[in-house]
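Going down the list, the protein sequences come from chains A and B.
Note that the working numbering has the first sequence beginning at 62, numbered continuously upward.
Note that the working numbering has the second sequence beginning at 2, numbered continuously upward.
Here a beta-carbon is modelled for each residue, glycine too, at the ideal position from N, C-alpha and C.
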Amino acid sequence: MATSLNGSKTTPIVARAQELFEDLSFTSARRWKEAAPGRKVIGYMPIYVPREIIHAAEMLPLGIVGGGDQLEVIHGDAYYQSYICRIPRSTIELGLSGRLDFVDGMLFPSICDVIRNLSGMWKLMFPNVYSRYFDVPQNYRDDIGGNYYINELKELRQDLAGIRGKPITDGEIRRSIELYNENRRLIRDLYAFRAEQPWQAPAADVYLIVRAGLVLPVEEHSAMLRDYLGAARADERPMRDNCRIVLTGAFCEQPPLNLIKSLELSGCYVVDDDLLLVTRWLTADVPIEGDPIENLSLAFLHHSESTAAKYEPNLKEKGQHLVRAVRRSAAEGVIFACPSFCDPALLERPMLQHVLKDAGIPYIAFKYAENSGQMQPIREQAGTFADSIKLWSGA
Amino acid sequence: MNTKIVTSRAPAKPVAKDASMLKQKAMMAAHYDRLTSAPETGAKVASTFVPGNLNELIMCFDLLNNLPEVNAIQSGLRRVSGSFVLEAEKIGHSEDVCTYVKSDIGMMSKGNIAPNGKKFPNPDVLLLSYTGCFTFMKWFELLREQYQCETIMLHTPYMGDGKITKNMIDYMVKQLKDDVIPTLERVSGVKFDIDRLREYLKKSKQAEDDLVAVLQSAKAKPAPIDAYFGGIYYIGPIFGAFRGTDDAIDYYRFLREEIEERRASGQGPVTPDGDMGAEKYRLVVEGPPNYTNFRQFWKMFYDEGAVVVASSYTKVGGVYDFGFRHDSEKPLETLAEYCLGVYTNRSLPMRIDMLTNYINEYAADGLLINSIKSCNSFSAGQLLMMREVEKRTGKPAAFIESDLVDPRYFSAANIKNRLESYFQMIEQKRAGARAAA
């Protein structure tokens, strides 16, 4: 259940977002597809795909982030050893159980070896579905990684035009960039609002509202964001004596909603996080003028989030994004919540912890799976962390 | 609490070695001596990875090639990796991640001692050849944090669609020209000479021809080599610091002649206990081996008369048996093609095609997968690979689990049990085929 107050204008908005979150048959996306002949849906996995190009092809980008804690994984487990994370097995379960039978294509972004290999599995298991491993450059020079990425984007554009049956024009991409710019601005506003008054925008509500953007058309999602922001600003909620934390490590397999709620219940306001990064991957508006593909490429190279799946060429810059997130949101500590067996998050964690230590920022760490059910240990750990910050921090 | 991992020692019986193994041992010892004496000789050191190892390029700058994966393997074989892994976990590395990384980091914490008992030099440059394994990127970011040295990223795109595109080659060549080579020039103080690179590449090709002949000798019945356990020795020089050298040419010529002799006289592989007995089962193996109990693991096979006739692991540092050779006519493009083509940079459908091909070409009885707990690049998707290969070949497949260099994940009884069941399965399949004939 959402954490909205009774009588709050946020309640119906959050309820709608929760309904979308719980619907593992993706009914709203199915309806969108059925509403007009020829409509196509392209699924994508974490961490980033240029949704603008999918949208420009008049298709619905559909974010697939696993099955959560409500999906019983029966077939998916037969494809993975016990030491591999949960998201690929529940994604396969979604596919094999027919829940994705309306999806015309799947994009598997460059995030880790498990999702990379899943791209090949998808080709074999669903041979009639367009499936593509979406590579991004790890070199950020315009004339090296930039050129490579432009050509990758052009290939994607061409593939989607083939599925659509007609070319995707520059004008269509520009229009989509405009819409996604607006959507990202609204999400940044929402994050800024929460950082300022976290008691007014509970972390679970914010998560649900942002997550709705994975299944709704961008226009509809932007309207939802505007409505929620307006309603949340009008609310009057009691401010608790919570500490303020940044949640990090949860950029791929998603934590159960209960875990996010548990953090607040145990005394931690989440004032920033790396959940659902695709929704705000690009950190500045993508220019509308000029070559739209080049603009998307440059935005990726120079204005995109830092995360474990990206190489950081500058040692001094390593982990500083997290320090900046702490400072920007006036956080008092960091909680590393990483999925079990997640190579990117877990290999990155010691380096980020060293940076935080040097910056004098306290942190704790635990692991989860998308279907973790027992929250008591997490509550105790987060609660102790909150107490220690309140009691012992320099403030 | 300090947990001490003690791995039972193998019996003290002397290990049978053929002449090529002794030759390789001498080559490796000389290489470790070159590395550990670098502070005295003034030689500079580049650390890099086995897949995407650009040894020819590294040599153009008079740099010594140090491979942390190989060091982790050496630690595994010497049974010291367990304590290194624990050390790394003690300082905050997750129990879930790659044990090569943890063995390397644990080794650094404990003095960074090479197999010759002397200290490894700190690298002057980390050449992050990012090919076929996500962990590589984080591994060298972790090492960079420790060594604070120059780090070069060479990004190899993944062959997701099963093909090498012009865009991929252009991207890699541009990285080599504009980033990798200028940085190596700066670090080493040596000017890049493309003709020197061409000469090394010509030498690589010669050794590669002989390596392929050695690996393909296992098509014979009986196979004169074991292409997994023995294969690991055969790939050592060419996947390591010797590709492009005269040493490698000599070694592979010598090895090829040795194997030719065995084949001509109808001999099977040499095992640590001497010549293998009668060949009963011919297997294709997917996945890396376990190194902490390597000899014990191998023994489970040769005791049963099982020989591995082809393996994917011996392609992790380069796939040569489908025709690729380093080509001195297009020196940078060939380095790009090499990186793109290594086994773990190939899509899952490509890997399945390769394994299917091996089963057919090498007349194998089936596929065995050794799934490695801490290697997602290999392991994710292997259960589907197993089904697909079974479906396409009609040959039985089996699945065992262990780890690279973490002794906690080697359960001899479980593995032996599964292998025995698998060999029974092959027997039943044969009996069924005979009955049907």
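Nearest candidate by alpha-carbon position, reference residue i, set the options
i	options	result
B/N56	B/L78, B/A432, B/I182 and B/P15	B/I182
A/I349	A/A360, A/R341, A/V339 and A/T340	A/A360
A/V279	A/A117, A/I211, A/P316 and A/T71	A/A117
A/I125	A/E133, A/E80 and A/T152	A/T152
A/P170	A/I396, A/D266 and A/Y210	A/Y210
B/V98	B/R80, B/C376, B/V308 and B/N123	B/C376
A/T368	A/C313, A/L217, A/S180 and A/D352	A/C313
B/S38	B/P122, B/M426, B/A311 and B/T246	B/P122
A/P374	B/E362, B/L127 and B/M29	B/L127
A/V197	B/Y131, B/W140 and B/E142	B/Y131
A/F195	A/P111, A/R385, A/E257 and A/L269	A/P111
A/L217	A/N303, A/L240, A/E239 and A/Y191	A/Y191
B/I74	B/R393, B/S110, B/R431 and B/D407	B/D407
Residue-chain proximity (residue i, chain B), Cβ-Cβ < 8 Å
i	result
A/M62	The predicted position of A/M62 is uncertain, since its pLDDT is 41 and thus under 50; no value can be drawn from it.
A/Q414	yes
A/N432	no
A/R193	yes
A/D352	no
A/L376	yes
A/N189	no
A/R410	yes
A/K379	yes
A/E213	yes
A/S401	yes
A/E46	The question about residue 46 of chain A has no answer, for chain A in this structure spans 62 to 456.
A/Q199	yes
A/D404	yes
A/P438	no
A/E366	no
A/I125	no
A/Q442	no
A/D250	no
CB contact check: residue i to chain A, cutoff 8 Å
i	result
B/G77	no
B/N168	yes
B/G107	no
B/N66	no
B/K91	no
B/E1	With chain B covering only 2 through 438, there is no way to say anything about residue 1 of chain B.
B/N377	yes
B/G278	no
B/A381	yes
B/Q217	no
B/T357	no
B/D63	no
B/L368	no
Residue i, DSSP secondary structure in three states
i	result
B/G367	strand
B/V317	coil
A/P400	strand
B/K167	helix
B/V310	strand
A/S167	First, the residue type needs correcting, since residue 167 of chain A is Met and not Ser in the sequence shown. Here A/M167 sits in strand by DSSP.
B/P121	Correcting the residue identity first, residue 121 of chain B is Phe in this sequence and not Pro. Correct three-state label for B/F121: coil.
B/T132	coil
B/S48	strand
B/D276	strand
B/L420	helix
A/F195	strand
B/V16	coil
### Task
Note down, in chain order, all residues in the region 315-345 of chain B with a beta-carbon under 9 Å from any beta-carbon belonging to chain A.
T345
### Query
If contact means a Cβ-Cβ distance below 7 Å, which residues of the region 415-430 of chain B contact chain A?
none
### Inside the region 253-340 of chain A only - beta strand (DSSP E) runs reaching at least 3 residues
304-309 and 329-334
### Query
In chain order, which beta strand (DSSP E) runs of at least 3 residues are fully inside the region 320-402 of chain B?
367-373
### Message
Tell me which residues of the region 28-60 of chain B have at least one Cβ-Cβ distance to chain A shorter than 7 Å, keeping chain order.
### Response
none
### Task
Closer than 8 Å, Cβ to Cβ, to anything on chain B: give me those residues from the region 174-189 of chain A, in chain order.
D174, V175, R177, N178, L179, S180, G181, M182, K184, L185 and M186
### Task
With a floor of 4 residues, list each alpha helix (DSSP H) that falls wholly inside the region 24-93 of chain B, ordered by position along the chain.
39-42, 56-61, 69-78 and 82-91
### Cβ-based contacts, 8 Å cut-off: residues of the region 385-396 of chain B near chain A
L385 and E389
### Query
According to a CB-to-CB cut-off of less than 7 Å, which residues of the region 295-320 of chain A neighbour chain B?
none
### Query
Can you list, in chain order, the residues of the region 153-164 of chain B whose Cβ is nearer than 8 Å to any Cβ on chain A?
M154, H156, P158, Y159, G161 and D162
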